[in-house]
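Take a look at the structure below.
There are 2 protein chains.
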Amino acid sequence: MSNETIKLLLVDDHHMFMDGIYAILKDISHIDIVGTANNGNQALKIAKSSALDLLITDIEMPEMDGIQLSKSIKKTLPNIKVIVVSSHSNVQTIDKLRKLQIDGYLLKNTGKIELLNAINKVYKGEKYFSEEILRVYNQSLFGTNKAEKEKVKLSPRELEVLKCIVQEQNTQEIAESLNISVNTVDTHRKNLMRKIGAKNVVGLTKYAIQQGIIA
Amino acid sequence: MSNETIKLLLVDDHHMFMDGIYAILKDISHIDIVGTANNGNQALKIAKSSALDLLITDIEMPEMDGIQLSKSIKKTLPNIKVIVVSSHSNVQTIDKLRKLQIDGYLLKNTGKIELLNAINKVYKGEKYFSEEILRVYNQSLFGTNKAEKEKVKLSPRELEVLKCIVQEQNTQEIAESLNISVNTVDTHRKNLMRKIGAKNVVGLTKYAIQQGIIA
DNA sequence: TCATACATCACCCAAAAGGGTGATATTGGC
DNA sequence: GCCAATATCACCCTTTTGGGTGATGTATGA
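These protein sequences, in sequence, are chains W and R. Quick note: the first sequence uses UniProt numbering, first residue 1, plus one each step. Quick note: the second sequence uses UniProt numbering, first residue 1, plus one each step.
The structure is reproduced here in structure tokens:
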């Protein structure tokens, strides 16, 4: 088992970062980097046409991000292991990836040794998560604000309204944007505040930015 | 000149990333990585005790960030060239660094070749900025919102009020927090909106978060 | 000294936000 | 079929925001 070569695909739009991982791994005899991709779409194509064992992907990427990519991979090519690497750790992201049965989650501040360790473990079928990730996730179970404790589920329409709010539109303008009544927008805004636990639109704005809803 | 060795210090709290740059540069004969640091304070100590030519630093770091580090370096050790590397590019950051007479600014999605190119140019005394950085900066000169065009100067009191607003306090609460009249808080809020070019408190919130005023 | 920015406050007024309740129609899951 | 969530709208009411104007004292710098 450990004599086999691990066929690996790197996915990250940060060339410098990818060059870095590449440089770290290229001298490891049992690891074979079969390709690199700058975004999820590209990665999917390569994954479908190659005999991959493992995929290492960033989360923040243009076109198709790491979460969507992971979802696609796990659905269509469940034999490929997936390790996610990101600069930041927030509870919602960790939770999403956990549900997708991701195999590993590393922060970009983890070192060479931990990276190799993670790759080997995941290849053998184990899971690997950075300590920081586990800490953040466990802490979240005792989180202070509503948005952290109970994962907030916003409906598609609520998300649309939220996006408009963050664009500094007032209720009247949002109603026109979405072709609905002012009263309806009012209702959505109030429901958003209740769900998110915000006191006013400022709270909604902060939530949206933290969740990357506006990006 | 080009036969000399470039003595270089890497500063980044992302170990994996640093390992990456390290791996890229370690085989380059005329580059000597004299050390690595995880934060600005550590970097300053090393810089003071070594004969450095060039420092490559991330912006986002704990304790002392890349901007503070650059400021200290340029003040106390002006002979050391500084290249900043970051994942993101926003106008305010670019502008701050420009004023600090930084020598280079790269995004993390720049490749190996560009990195080497930048190091060589900067070592020779030239400046090097990623295309993306130049694009963002030039665009900002014709930016849409006031906050980008003219750098906004907020008075200390206005900053206090802004912080309270971002904490989801309403005018009444802010007045109590700062022991002033509700009318005065109103005035400050209105002046903030005028200066920043925001349509409402949502705009103020976004500005505050972008500027890191709440961090 | 004069101008400017700052911090403070007041008043008027319109528009918007927020809090509560209730109603209807549609949908998807169990 | 029933239940829950969603999306839609209406009406009540109070509080808050936002826009405009003007006034006063203080401090600072040209």
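C-beta: ideal position from N, C-alpha, C; glycine also. Since this is a predicted model, take the numbers as computed values, not measurements.
Close-in-space but distant-in-sequence residues of the same chain around residue i (CB under 6 Å, 5 per side omitted)
| i | result |
| --- | --- |
| W:I24 | K112 |
| R:T144 | Residue placement at R:T144 cannot be trusted, given a pLDDT of 39 that sits under 50; what the coordinates show is reported in the next sentence. For R:T144, where only same-chain residues beyond five positions count, there are no Cβ hits under 6 Å. |
| R:V11 | A37, A43 and T57 |
| R:L52 | K7, L9 and I80 |
| R:S2 | Any reading at R:S2 must be qualified, since the residue scores a pLDDT of 44, below 50, and its modelled position is unreliable; the value itself is stated next. Cβ neighbours of R:S2 beyond the five flanking positions: none. |
| R:S130 | L106, L107 and T110 |
| R:S177 | C164 |
Assigned exposure category for residue i - 16 Cβ within 10 Å defines buried
| i | result |
| --- | --- |
| R:A47 | buried |
| W:N38 | buried |
| R:S50 | exposed |
| R:L109 | The sequence shown places Asn at residue 109 of chain R, rather than the Leu named in the question. Buried: at least 16 other Cβ atoms inside 10 Å. |
| W:S87 | buried |
| W:K206 | buried |
| R:G40 | buried |
| W:Q42 | buried |
| W:Q101 | exposed |
| W:S29 | exposed |
| W:T5 | exposed |
| R:M16 | buried |
| W:G125 | exposed |
Terminal residues of the alpha helix (DSSP H) in which residue i lies
| i | result |
| --- | --- |
| R:D32 | That residue, R:D32, is in no alpha helix (DSSP H); its beta strand (DSSP E) goes I31 to A37. |
| R:Y76 | The sequence shown places Thr at residue 76 of chain R, rather than the Tyr named in the question. Counting along the chain, the alpha helix (DSSP H) containing R:T76 begins and ends at G66 to T76. |
| W:K206 | V201 to Q210 |
| R:D19 | H15 to L25 |
| W:T184 | V182 to I196 |
| R:A47 | G40 to S49 |
| W:Q172 | T171 to L178 |
| W:P156 | P156 to V166 |
Neighbourhood of residue i by C-beta, 8 Å cutoff - its chain only, sequence neighbours within 5 removed
| i | result |
| --- | --- |
| R:G20 | none |
| R:V122 | L54, K81, I83, D103, G104 and Y128 |
| R:N117 | Y128 |
| R:G203 | M193, I196 and G197 |
| W:D65 | G40 and I59 |
| W:E63 | N39, G40 and N41 |
| R:D32 | T5, I6, K7 and L8 |
Same chain, Cβ closer than 7 Å to residue i, neighbours up to 5 away in sequence not counted
| i | result |
| --- | --- |
| R:K96 | I67 |
| W:S89 | L107, E132, I133 and V136 |
| R:V182 | T171, Q172 and A175 |
| W:V201 | I165 |
| R:H14 | D58 |
| R:V34 | K7, L8, L9, S50 and L52 |
| R:I73 | A47, L55, I80 and V82 |
| W:M18 | L10, D12 and T36 |
Range of the contiguous beta strand (DSSP E) that encloses residue i
| i | result |
| --- | --- |
| R:G104 | G104 to L107 |
| R:I83 | K81 to S86 |
| W:K124 | Neither: W:K124 is in no beta strand (DSSP E) and is coded neither H nor E. |
| W:K7 | I6 to V11 |
| R:I56 | L54 to D58 |
Contact set between the segment 167–194 of chain W and chain R, restricted to residues whose Cβ is under 9 Å from the partner: Q167, E168, Q169 and N170
Contact set between the segment 15–29 of chain R and chain W, restricted to residues whose Cβ is under 7 Å from the partner: Of all residues in the segment 15–29 of chain R, the ones placed with a Cβ closer than 7 Å to any Cβ belonging to chain W are H15, M16, F17, D19, G20, I21, A23 and I24, in chain order.
Residues, ordered as in the chain, of the UniProt domain "Response regulatory" (7–123) of chain R that lie near chain W by beta-carbon distance below 7 Å: D13, H14, H15, M16, F17, D19, G20, I21, A23, I24, S87, K108, N109, T110, G111, K112 and L115
Given 8 Å, three or more beta-carbon pairs between the segment 185–195 of chain R and the segment 184–191 of chain W: no
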